[in-house]
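S.K.:
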Amino acid sequence: MTTIRKELQALTPPQRAELIYSKARADLSNRLWRAALGDGDAEQANRPSGPDAESMPLDSLLALFEPNKTASAGPTTEPTLQAAVPQPADLPIKSESGSSEEAGSHAAPVGLGANARHAGTLADAASRTGIPAPALAAIVNAEAAKGADGSWLAFSRNPRSSAAGLGQFLSSTWEGMASSSGTWLNSIARSRGWIGDNGHVLPSARSSLLQMRYDAEASINTVADYARRNLDGLRRAGVPVGSDATTIAQSAYLGHHLGLGDAIKFAKGGLDPARARQLLCAQIGTTKASQEIAQAGNASVAHRAWYLGYVSRQLRPDRFAA
Numbered sequence: 064m065t066t067i068r069k070e071l072q073a074l075t076p077p078q079r080a081e082l083i084y085s086k087a088r089a090d091l092s093n094r095l096w097r098a099a100l101g102d103g104d105a106e107q108a109n110r111p112s113g114p115d116a117e118s119m120p121l122d123s124l125l126a127l128f129e130p131n132k133t134a135s136a137g138p139t140t141e142p143t144l145q146a147a148v149p150q151p152a153d154l155p156i157k158s159e160s161g162s163s164e165e166a167g168s169h170a171a172p173v174g175l176g177a178n179a180r181h182a183g184t185l186a187d188a189a190s191r192t193g194i195p196a197p198a199l200a201a202i203v204n205a206e207a208a209k210g211a212d213g214s215w216l217a218f219s220r221n222p223r224s225s226a227a228g229l230g231q232f233l234s235s236t237w238e239g240m241a242s243s244s245g246t247w248l249n250s251i252a253r254s255r256g257w258i259g260d261n262g263h264v265l266p267s268a269r270s271s272l273l274q275m276r277y278d279a280e281a282s283i284n285t286v287a288d289y290a291r292r293n294l295d296g297l298r299r300a301g302v303p304v305g306s307d308a309t310t311i312a313q314s315a316y317l318g319h320h321l322g323l324g325d326a327i328k329f330a331k332g333g334l335d336p337a338r339a340r341q342l343l344c345a346q347i348g349t350t351k352a353s354q355e356i357a358q359a360g361n362a363s364v365a366h367r368a369w370y371l372g373y374v375s376r377q378l379r380p381d382r383f384a385a
């Protein structure tokens, strides 16, 4: 903790202000999203407790800037945001017709670090789909395997399923996106003669198409198109998706992770116990899942707690934003 205090106190005033604002914005967006799902009380229980600035409550982070104050390591009551703290700006979302529904910016994220080479692709995908680049980066970061330096590994592969690439797309989902008119992948597949007269992928082209999951540009653009489809689907079902980068990313990831049908059920009350058990076992293994279900007393509750905890820790657009 002493090391963190020294590092924070060494920041310039503008750097401190940016860190505090980013933390406040992320915390507020996360609370709003949980409130929309009816899980506001679960946030503190799932908050990561590691000794770093990103995982600390905002008031503990502020205390580290003051030499005579001690930061609390445990959960505390969330501070009330004062008027002096800037509120999250509305970010644009394009509807299925392509019209912008909110005003804002799609600037490329600057916090990509080892993944800076993907900035151009993320910016282009954001401009095309209307989904903020930091939100797209957060989804990729939550899905892809990573190198020692945090770089996303294009050849990520899940040994328990057909999921592959930066977006961890199942074979069937990838083929579906290639067959969907208007997607980036569909335009590429058509230009290469991989789509038949019936609009579906030709059997002879299937292997080549699936190999494209390991192409970073293809994967990022398909993450964006899939997110756009899921956000539109959630909205049609009456599920609020938010308007800032964090809530947009969380809503889009709900569909990316669960599929649109299960995402709608999750948002509107929860999955049935059998389905929740199946999904939890697939994510954390049968033994661990059984322990979590026994502790929670219900598979739906256990899966929901695991998923929301994972999202709060891993899906952080603020890490990639300017």
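Numbering (my numbering), first residue to last: 64 to 385. Backbone N, C-alpha and C fix where the C-beta goes; we use that ideal spot for every residue, glycine too.
#1: In the DSSP assignment, find the alpha helix (DSSP H) that holds S250 and state where it starts and stops.
#2: Label S242 either buried or exposed according to how many other C-beta atoms from any shown protein chain fall within 10 Å of its C-beta, with 16 as the threshold for buried.
#3: Would you decide whether L154 is buried or exposed? Buried here means 16 or more other CB atoms lie within 10 Å of its CB.
#4: Return the first residue and the last residue of the alpha helix (DSSP H) that Q341 is part of.
#5: Here's the rule I'm using: 16 or more other beta-carbon atoms within 10 Å means buried, otherwise exposed. How should Q358 be labelled?
#6: Looking at the secondary structure, which residues open and close the alpha helix (DSSP H) in which L323 lies?
#7: I'd like to know whether the C-beta atoms of A290 and L199 end up nearer to each other than 8 Å.
#8: Let me make sure I understand the geometry here. Which of R253, A279, N293 has the alpha-carbon closest to that of A268?
#9: Cutting at 8 Å between CB atoms, please list the residues of its own chain near S363, excluding the five before and the five after it.
#10: By how many angstroms is the C-alpha of A279 removed from the C-alpha of G301?
#11: Which residues bound the alpha helix (DSSP H) around I194?
#12: Can you tell me which residues form a DSSP beta bridge with K351?
#13: What is the DSSP secondary structure of A287, counted as helix, strand or coil?
#14: So what does DSSP say about W257, is it helix, strand or coil?
#15: Since R191 contacts A308 with CB under 8 Å, what's their CB separation in whole angstroms?
#16: Which of helix, strand or coil does DSSP assign to V304?
#17: Just verifying my parser: in three-state terms, what is the DSSP assignment at A211?
#18: DSSP three-state label for Y373, please.
#19: Under DSSP, the alpha helix (DSSP H) around V273 begins and ends at which residues?
#20: For A205 and chain C, any beta-carbon pair shorter than 8 Å?
#21: For P195, tell me which candidate among I258, T310, G318 has the shortest Cα-Cα distance.
#22: Return yes when the Cβ of A182 is within less than 8 Å of the Cβ of N284, no when it is not.
#23: Over what stretch of residues does the alpha helix (DSSP H) that includes G239 continue unbroken?
#24: Given that a residue counts as buried once 16 or more other Cβ atoms are within 10 Å of its Cβ, and exposed if not, what is H320?
#25: Is R223 buried or exposed, if buried means 16 or more other CB atoms sit within 10 Å of its CB?
#26: Using the C-alpha atoms, what's the distance from A211 back to L175?
#27: Out of L342, G360, F383, point me to the one whose CA is closest to Y370's CA.
#28: With H, G and I counted as helix, E and B as strand and the rest as coil, what does DSSP make of R367?
#29: Could you have a look at P114 and say whether DSSP puts it in helix, strand or coil?
M.R.: The answer reads as follows:
#1: 247-254
#2: buried
#3: Here the model assigns L154 a pLDDT of 30, short of 50, so the residue's position is not dependable, and the following value carries that caveat. That one is buried.
#4: Looking at the DSSP string, the run of the alpha helix (DSSP H) that includes Q341 is 336-347.
#5: exposed
#6: 323-330
#7: yes
#8: R253
#9: G333, L334, D335, P336, A339
#10: 33 Å
#11: Premise fails: I194 is in no alpha helix (DSSP H) and is neither H nor E.
#12: Looking at the DSSP output, K351 sits in no beta bridge, so it has no partner there.
#13: helix
#14: coil
#15: Actually they do not touch by this definition, with Cβ atoms about 17 Å apart.
#16: coil
#17: Three-state result, A211: coil.
#18: helix
#19: According to the sequence displayed, residue 273 carries Leu and not Val. Note, L273: alpha helix (DSSP H), 269-274.
#20: Going by chain labels, chain C is absent from the structure shown, which holds only one protein chain.
#21: Selected option, being the one with the closest Cα: T310.
#22: Cβ distance not < 8 Å, so N284 and A182 don't count as in contact.
#23: 234-242
#24: buried
#25: exposed
#26: Answer to the nearest angstrom: the Cα atoms are 15 Å apart.
#27: Of L342, G360, F383, the smallest CA-CA separation from Y370 is found for L342.
#28: Of the three classes helix, strand and coil, the one that applies to R367 here is helix, per DSSP.
#29: Residue confidence for P114 is low, a pLDDT of 41 falling below 50, so the modelled location carries little weight and cannot support an answer.
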